[in-house]
Amino acid sequence: MSWAADLIRLATLEDANTRIVLLGCGILGAAAGSVGSLAVLRGRALVGDAVAHAALPGVCLAWLVLGDRSLPVLLLGALGSGLLGVATIAAIRAQPRIREDAAIALVLSTFFGAGIVLSRMVQNVPGGHRAGLDGLILGSAASLVRQDVFAIGVVAAAALGAVLLFFKELRLLCFDRSFAASLGRPVGAFDLALLAAVCLIAIAGLPAVGVVLVVALLVIPGAAARFWSDRLAAVVILAGLFGAAAALAGTALSAVLPAPAGARVRGWPTGPLIALAAAGLFAGSLVAAPRRGLIARLLGARRLAAPQQGAPDALPEERSR
Amino acid sequence: MPHDPSLAQPVRPPTPRAGAPAARAALEVHDLTVAYRRTPVLLDVDLEIPCGSMTAIVGPNGAGKSTLLKAALGLVPAATGAVRLFGKTLRAVRRSVAYVPQRESVDWEFPVSVLEVALMGRYGHLGWLRRPGARDRAIAMEALETMGIADLAGRQIGELSGGQQQRTFLARALAQQAELYLMDEPSAGVDAATERAIVDVLRRLRDQGRTVVAVHHDLSTVMAWFDRVVLLNVRVVAAGPAAATLTAETLAKTYGGRLTLLEEAAAVMRRAGA
Numbered sequence: 111m112s113w114a115a116d117l118i119r120l121a122t123l124e125d126a127n128t129r130i131v132l133l134g135c136g137i138l139g140a141a142a143g144s145v146g147s148l149a150v151l152r153g154r155a156l157v158g159d160a161v162a163h164a165a166l167p168g169v170c171l172a173w174l175v176l177g178d179r180s181l182p183v184l185l186l187g188a189l190g191s192g193l194l195g196v197a198t199i200a201a202i203r204a205q206p207r208i209r210e211d212a213a214i215a216l217v218l219s220t221f222f223g224a225g226i227v228l229s230r231m232v233q234n235v236p237g238g239h240r241a242g243l244d245g246l247i248l249g250s251a252a253s254l255v256r257q258d259v260f261a262i263g264v265v266a267a268a269a270l271g272a273v274l275l276f277f278k279e280l281r282l283l284c285f286d287r288s289f290a291a292s293l294g295r296p297v298g299a300f301d302l303a304l305l306a307a308v309c310l311i312a313i314a315g316l317p318a319v320g321v322v323l324v325v326a327l328l329v330i331p332g333a334a335a336r337f338w339s340d341r342l343a344a345v346v347i348l349a350g351l352f353g354a355a356a357a358l359a360g361t362a363l364s365a366v367l368p369a370p371a372g373a374r375v376r377g378w379p380t381g382p383l384i385a386l387a388a389a390g391l392f393a394g395s396l397v398a399a400p401r402r403g404l405i406a407r408l409l410g411a412r413r414l415a416a417p418q419q420g421a422p423d424a425l426p427e428e429r430s431r
Numbered sequence: 002m003p004h005d006p007s008l009a010q011p012v013r014p015p016t017p018r019a020g021a022p023a024a025r026a027a028l029e030v031h032d033l034t035v036a037y038r039r040t041p042v043l044l045d046v047d048l049e050i051p052c053g054s055m056t057a058i059v060g061p062n063g064a065g066k067s068t069l070l071k072a073a074l075g076l077v078p079a080a081t082g083a084v085r086l087f088g089k090t091l092r093a094v095r096r097s098v099a100y101v102p103q104r105e106s107v108d109w110e111f112p113v114s115v116l117e118v119a120l121m122g123r124y125g126h127l128g129w130l131r132r133p134g135a136r137d138r139a140i141a142m143e144a145l146e147t148m149g150i151a152d153l154a155g156r157q158i159g160e161l162s163g164g165q166q167q168r169t170f171l172a173r174a175l176a177q178q179a180e181l182y183l184m185d186e187p188s189a190g191v192d193a194a195t196e197r198a199i200v201d202v203l204r205r206l207r208d209q210g211r212t213v214v215a216v217h218h219d220l221s222t223v224m225a226w227f228d229r230v231v232l233l234n235v236r237v238v239a240a241g242p243a244a245a246t247l248t249a250e251t252l253a254k255t256y257g258g259r260l261t262l263l264e265e266a267a268a269v270m271r272r273a274g275a
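Chain order of the listed sequences is F and C.
Okay, so the first sequence: first residue is 111 according to my numbering, each after it adds one.
Okay, so the second sequence: first residue is 2 according to my numbering, each after it adds one.
Encoded structure:
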């Protein structure tokens, strides 16, 4: 029963490494959830996905060209090609007859394809099979070390601080961009800052969640939080909490689940488990949230439909939804 | 003229209110051309909108009506031309200008309350970092009261009807306490009561010496509601006092060969006794 022992060690936080991994994942989830919820409201949900996928070729190139396998260097490569991906999306969108969703899909798949090809080349280089690139694709939270958590902490603190400081402006921008521009606000710069925050969080999250599923941590917590409140501040805070909970749950599961028989690598990739944990939170919110959840709405509809004596023509309250 | 006689003349001559930027015209547009992907949306537009007037911008779909407002606010880049507001640059008088975008341009499921939207009208006076204070709240609540939706202040905007959403947008503009109001179809798709409430508020602004410019789609009401009309179809076809500007000839020129609209225009002219 080694996994039970693992579970006990995890729960008691007895191991210093476990503490570091969980701390990093929790901070990452909180930042990704809250900043991601704003990006979703601004209609930028898929950009984080594109950036993360576009980061893979940069990681591989950094490893091949620089020969340096330390994480900060790999992440710089990731940032470079991630930003190149965003710039490519913008350039393609400037062409007539190509819409943004098509541009994002095009860039995402092209860069990710290039990344996979390059990662095979890395694995053919002596020492390459230990480059940890598989961990960057699907996430391997257990490999987080003190430096990674430090990088995650810096990015998260900067992003959350900016959200706190400019919360009123972000609400204005996300709700009504052209009105914000009519007040003289530099909406282009604000959009760019939000995009940069999403990119940095996506890149910082690569080691833990992986390029394929970073988007889960950016998008799902905000979508789940929307079921619980109609106030932006509450939605953003709740999205942060949901993000942290999903990241911690996914990481814990990957550490304690018994590995499949005959597996070469010990433990499960973290990204998929985090995505599933986030999806669980979303499903729970969808069904059970007060007032806006399915159960509450079904009960509410039944109350409206119930015949009311003495007022047969009573109209239901006028509402657009 | 069959319409309300009190509208034929402004209640009192429009004089700039105390503290208003002293100028001849609230909005001057010179030689403005705006192009989208090399197709002109506005071509050589020259306009002068006097202070204290209530002007309708009228024209067919794709005539550049919304673009004219956006260009006046610097929201779309102009290929050529210049815009002056109260004789100054936009930058100098931005706080005196309120903009009401089209209602469909925002997501009404967004998690904000009616009061929070009205408070956004104060942001231009607050800067980036300051939060709205008690005085801003009082101004926003007063604007909601003027629009008849003070009781909805705490509601999430998705729970509103179309008319109530438009009232919310108008309240936000009122909270800006501006001198010039640029409105994109403020009465599109609203109920009759809201339409009436909106016209009343616009007239009250005009009677206070403020200037209202609104994109308007309904030819049957433009004569009754507005003092002045700009007929626009990429170029300015005609502009001036409503009665003198809205003729069968100018409408035909504005709407081109669109038969149904021509018939509608003819009906308007018959009703107006022209």
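For each residue, glycine too, the CB sits at the ideal point set by N, CA and C.
These figures come from a predicted structure and were not determined experimentally.
Pair within 8 Å by beta-carbon distance, residue i and residue j
{"i": "residue 337/F", "j": "residue 403/F", "result": "yes"}
{"i": "residue 327/F", "j": "residue 146/F", "result": "yes"}
{"i": "residue 300/F", "j": "residue 283/F", "result": "yes"}
{"i": "residue 350/F", "j": "residue 143/F", "result": "yes"}
{"i": "residue 70/C", "j": "residue 185/C", "result": "yes"}
{"i": "residue 166/F", "j": "residue 250/F", "result": "no"}
{"i": "residue 80/C", "j": "residue 40/C", "result": "no"}
{"i": "residue 192/F", "j": "residue 149/F", "result": "no"}
{"i": "residue 217/C", "j": "residue 59/C", "result": "yes"}
Buried versus exposed, by CB contacts within 10 Å (16 or more), residue i
{"i": "residue 236/F", "result": "exposed"}
{"i": "residue 180/F", "result": "exposed"}
{"i": "residue 231/F", "result": "exposed"}
{"i": "residue 211/F", "result": "exposed"}
{"i": "residue 125/F", "result": "exposed"}
{"i": "residue 89/C", "result": "exposed"}
{"i": "residue 125/C", "result": "buried"}
{"i": "residue 208/F", "result": "exposed"}
{"i": "residue 106/C", "result": "exposed"}
{"i": "residue 122/F", "result": "exposed"}
{"i": "residue 226/C", "result": "buried"}
{"i": "residue 83/C", "result": "exposed"}
{"i": "residue 171/C", "result": "buried"}
{"i": "residue 152/C", "result": "exposed"}
{"i": "residue 129/C", "result": "exposed"}
is_contact[residue i, chain F] using C-beta, thresh 8 Å
{"i": "residue 184/C", "result": "no"}
{"i": "residue 21/C", "result": "Reliability of the predicted coordinates at residue 21/C is poor, the pLDDT of 49 falling under 50, and the value obtained from them is presented with this limitation in mind. Taking Cβ atoms only, chain F never reaches closer than 8 Å to residue 21/C, which makes this a no."}
{"i": "residue 54/C", "result": "no"}
{"i": "residue 106/C", "result": "yes"}
{"i": "residue 130/C", "result": "yes"}
{"i": "residue 24/C", "result": "Confidence at residue 24/C is low in this model, with a pLDDT of 46, below 50, so its placement is unreliable and the value that follows should be read with caution. Residue 24/C does not count as touching chain F."}
{"i": "residue 111/C", "result": "yes"}
{"i": "residue 102/C", "result": "yes"}
Interface flag, residue i vs chain C, CB-CB below 8 Å
{"i": "residue 279/F", "result": "yes"}
{"i": "residue 291/F", "result": "yes"}
{"i": "residue 336/F", "result": "yes"}
{"i": "residue 286/F", "result": "yes"}
{"i": "residue 345/F", "result": "yes"}
{"i": "residue 206/F", "result": "yes"}
{"i": "residue 341/F", "result": "yes"}
{"i": "residue 302/F", "result": "no"}
{"i": "residue 294/F", "result": "yes"}
{"i": "residue 274/F", "result": "no"}
{"i": "residue 282/F", "result": "yes"}
Given residue i as reference, the closest of the options once Cα atoms are compared
{"i": "residue 104/C", "options": "289/F, 202/F, 197/F, 265/F", "result": "289/F"}
{"i": "residue 302/F", "options": "414/F, 204/F, 200/F", "result": "200/F"}
{"i": "residue 64/C", "options": "74/C, 56/C, 75/C, 46/C", "result": "46/C"}
{"i": "residue 157/F", "options": "182/F, 219/F, 335/F, 173/F", "result": "219/F"}
{"i": "residue 52/C", "options": "197/C, 182/C, 243/C", "result": "182/C"}
{"i": "residue 224/C", "options": "165/C, 36/C, 244/C", "result": "244/C"}
{"i": "residue 75/C", "options": "66/C, 92/C, 87/C, 62/C", "result": "92/C"}
{"i": "residue 145/C", "options": "102/C, 198/C, 232/C, 61/C", "result": "198/C"}
{"i": "residue 177/C", "options": "149/C, 142/C, 236/C, 193/C", "result": "142/C"}
{"i": "residue 97/C", "options": "115/C, 112/C, 117/C, 122/C", "result": "122/C"}
{"i": "residue 131/F", "options": "325/F, 359/F, 401/F, 398/F", "result": "359/F"}
{"i": "residue 54/C", "options": "150/C, 189/C, 206/C, 232/C", "result": "206/C"}
{"i": "residue 320/F", "options": "206/F, 186/F, 380/F", "result": "380/F"}
Quick one: which unbroken alpha helix (DSSP H) runs of 4-plus residues sit fully inside the stretch 100-137 of chain C? Chain order, please.
115-121, 124-127
For the stretch 332-382 of chain F, list the alpha helix (DSSP H) runs that are entirely contained and at least 4 residues long, ordered along the chain.
Fully enclosed alpha helix (DSSP H) runs of no fewer than 4 residues occupy 342-366 of the stretch 332-382 of chain F, in order along the chain.
What residue ranges within the stretch 47-73 of chain C form continuous alpha helix (DSSP H) runs of no fewer than 4 residues, ordered along the chain?
66-73
Which parts of the stretch 235-261 of chain C are runs of the alpha helix (DSSP H), unbroken and 4 residues or longer, counting only runs that do not cross its ends?
243-246, 249-256
Could you name each continuous beta strand (DSSP E) segment of 3 residues or more that falls completely within the stretch 198-238 of chain C, going from the start of the chain to the end?
You should have 212-216, 229-234.
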